[in-house]
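K.L.:
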Amino acid sequence: MPLAAEKIITRNWGRPDSWTLDAYKGTGGYATLEKVLGMQPAQIIDEVKKSNLRGRGGAGFPTGMKWSFVPKDSPKPKYLAVNADESEPGTFKDRYILENDPHMLLEGIAIASFGLGVHTAYVYVRGEFRFQAERLQKAIDEAYRAGIFGKKLLGRDFALDCYVVRGAGAYICGEETGMLESLEGKKGWPRLKPPFPAVVGLFGCPTVVNNVETLAAVPAILQKGADWFAKLGPDKSGGTRMVCLSGSVNRPGVFKVMLSTTVRELIESPDFGQGMPPGRKVKAVIPGGSSAPVMTADELDVALEFEALKQIQNMAGSGGVIVMDDATCLVRSLWRVSRFYAEESCGQCTPCREGTPWMTRVLRKLEEGRGEEGDIETLLNVAQSIAPYPPMGLGQTICALGDAAALPVHSFVVKFRQEFEDHIRLGKCPFGDKPWGHYGAMTA
Ligand SMILES: Cc1cc2nc3c(=O)[nH]c(=O)nc-3n(C[C@H](O)[C@H](O)[C@H](O)COP(=O)(O)O)c2cc1C
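Residue numbers for the sequence shown follow my numbering, beginning at 707 and rising by one.
1. Hey, is the segment 1062 to 1073 in contact with the segment 1033 to 1048, meaning 3+ C-beta pairs nearer than 8 angstroms?
2. Mark E881 as exposed unless 16 or more other C-beta atoms lie within 10 angstroms of its C-beta, in which case mark it buried.
3. With H, G and I counted as helix, E and B as strand and the rest as coil, what does DSSP make of F1164?
4. What number of angstroms, rounded off, separates the C-alpha of Y869 from the C-alpha of K755?
5. Quick one: Cα of I803 to Cα of R841, how far?
6. Start and end of the beta strand (DSSP E) containing G953?
7. Can you tell me whether F865 is buried or exposed? The criterion is at least 16 other CB atoms within 10 Å of its CB, across all chains shown.
8. Going along the chain, which residues of its own chain have a beta-carbon closer than 8 angstroms to the beta-carbon of K784, five neighbours each way excluded?
9. Have a look at P1136 and Q838 and give me their C-alpha separation to the nearest angstrom.
10. Do N1231 and S943 have their CB atoms nearer than 8 angstroms?
11. Along the chain, where does the alpha helix (DSSP H) that runs through Y802 open and close?
12. Within its chain, find whatever has a CB closer than 8 angstroms to the CB of L908; leave out the 5 residues flanking it on each side and keep chain order.
13. What residue from G764, E1079, G814, Q1102 has the CA that sits closest to I750's CA?
14. Tell me whether N789 counts as near ligand 1, meaning its Cβ is closer than 7 angstroms to at least one heavy atom of that ligand.
15. Can P808 and W725 be called in contact, C-beta distance under 8 angstroms?
16. Determine which residues share a DSSP beta bridge with G1026 and list them.
17. Between the segment 1100 to 1109 and the segment 1073 to 1087, do three or more beta carbon pairs fall short of 8 angstroms?
18. For T716, which residues in the same chain have their Cβ closer than 6 angstroms to its Cβ, ignoring the five residues on either side in sequence?
19. Given that a residue counts as buried once 16 or more other Cβ atoms are within 10 Å of its Cβ, and exposed if not, what is K799?
20. Quick check on the DSSP output: the alpha helix (DSSP H) that includes A710 runs from which residue to which?
21. Quick one: residues in its chain with C-beta nearer than 7 angstroms to the C-beta of Y1047, no 5 flanking neighbours on either side, listed in chain order?
22. Helix, strand or coil for V988 per DSSP?
23. Between the segment 1112 to 1128 and the segment 963 to 979, do three or more beta carbon pairs fall short of 8 angstroms?
24. Can you give me the start and stop residues for the alpha helix (DSSP H) that R1038 sits inside?
25. Report yes or no: do three or more beta-carbon pairs, one from the segment 1019 to 1026 and one from the segment 992 to 1002, lie closer than 8 angstroms?
26. Going straight from the alpha carbon of D1004 to that of I1082, what length do you get?
27. Apart from the five residues just before and just after T769, which ones in its own chain have a Cβ nearer than 7 angstroms to its Cβ?
28. Ignore the nearest five residues each way along the sequence and tell me which others in G894's own chain have a CB closer than 6 angstroms to its CB.
29. Should K882 be counted as a contact of ligand 1 given a C-beta to heavy atom distance under 7 angstroms?
30. Going by DSSP, what residue range makes up the alpha helix (DSSP H) through L786?
31. Could you check which residue in P747, K858, A1009 has the C-alpha nearest to that of T946?
32. Quick one: measure Cβ to Cβ for G742 and F855, integer angstroms, because I've assumed they're closer than 8 angstroms.
33. What does the alpha-carbon distance come out to for the pair G720 and T733?
34. Looking only at DSSP bridge pairs, what is R1076 linked to?
35. Quick one: measure Cβ to Cβ for S1051 and R1059, integer angstroms, because I've assumed they're closer than 8 angstroms.
36. With a threshold of 7 angstroms (Cβ to nearest heavy atom), would F767 be considered close to ligand 1?
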């Protein structure tokens, strides 16, 4: 049976000039905004709540609930900050939304802004996404010319401005409060929470932060109804989702999947990954971007859904599924992941600032054949002092980058300890000079 999900966000991809206003309008674009402008703002928030839409940026927080935290009686302006930073290793879906259908995001922004009473929206675009930022800007210009943005939202007495702000290539600026700092023109240092951005956000004002994919799903919810969206997923998660499949599979890419799709189905289905390269088997999979704990080949029958992954002490995260085959050195892979977090730590919190380079040094030592007895314990101790595990999520740091750095270390070492011990026993990497597996899951 084919597993490919109903196309929602991707419905226009592949059509000629799908990124233009004409093409978007040609398939019914902005009709939902027109309809929504006849509703009460509170009804919009209720619909999104009922739809069970959960944030696609990493934490999976219920979107309607987040929107309802914005104080209605605040005299301050309210802001919408759209997270297009997309820097989580293994995640590459939002860039395709910006490239292929920026107007779907813009319609989501306009609907959300009307519902929330927001008159200024910012889209914070990852610095490296120059092409995507330019295409988005062109779409915004078209929307201004068409009377969507500007002083009168589709002729109504509601002003809405939308601006693109480009980051400068820092992963930490994808963390929502780091992003707000950066939007304010400061160094992207995450803030202590509470207060949460919905109450004290950009310039000290109530601010909703949402991921690109989250907002791009909003027009379809308001067009087809919350019940339709909610029923596509299990109890607590509505809709379908986009996953980014990379590493050792025959067909890597971005796929639209039902939330009931399992990791195994994603890898093996002819609709998605089309299986492993010849002669190779799955050794390990990271299911939700490199911040998620690693899974063993025995855990692949779990659905790519928030609650299902939580039940096995894992996370759906940002949808970045990285597959590593049996020719991949996991010490090398973990070293690569750890180096990323060490480089991207903002340095505010001692456990993260000191712990991430420490873990990287130990991993390098193991991979280069200089490992000694006690190194594995050191690695686990350092990870434990950044973020205790299990249970996960008990970070000791201002933001979750600390957790993100520690969770892979805990899980790789606990689930694949033998491979770490082999490096010490042999005094070298057992995978020789080709540690990256068939297609190279994590090269560099
Ligand atoms: C270190 C770090 C980096 C993050 N990077 C991103 C990112 O690039 N894009 C994103 O949407 N969310 C990212 N997040 C999650 C955001 O903090 C936030 O939860 C999300 O943007 C909220 O949107 P959502 O509710 O629609 O998912 C990151 C979180 C952390 C801790």
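A virtual CB, placed ideally from N, CA and C, is assigned to each residue, including glycine.
P.N.:
In brief:
1. yes
2. buried
3. Nothing about residue 1164 can be reported from this structure: the residues present for the chain run from 707 to 1150 only.
4. 26 angstroms
5. 11 angstroms
6. 946 to 953
7. Rather than Phe, the amino acid found at residue 865 in this sequence is Ala. So A865 ends up on the exposed side.
8. V776, L822, G823, V824, H825, C911, P912, T913, V914
9. 41 angstroms
10. Shown here, the chain extends from 707 to 1150; a query on residue 1231 therefore has no answer.
11. 800 to 806
12. Y785, A787, Y828, L886, L889, E890
13. G814
14. yes
15. yes
16. C950
17. no
18. K962
19. buried
20. No alpha helix (DSSP H) contains A710, which DSSP labels as neither H nor E.
21. T1062, L1107, A1110, A1111
22. strand
23. no
24. 1036 to 1050
25. yes
26. 24 angstroms
27. V754, L759, R760, G761, N916, T920
28. A876, I878, C879, G884, E887, S888
29. The amino acid at residue 882 is misidentified as Lys; the sequence shows Glu. Indeed, a heavy atom of ligand 1 lies less than 7 angstroms from the Cβ.
30. Note, L786: premise wrong, no alpha helix (DSSP H); beta strand (DSSP E) at 785 to 790.
31. A1009
32. Before going further, note that residue 742 is Val rather than Gly in the sequence given. Not quite, the Cβ-Cβ distance comes to about 15 angstroms (not below 8 angstroms), so this is no contact.
33. 13 angstroms
34. DSSP lists no partner for R1076.
35. 6 angstroms
36. yes
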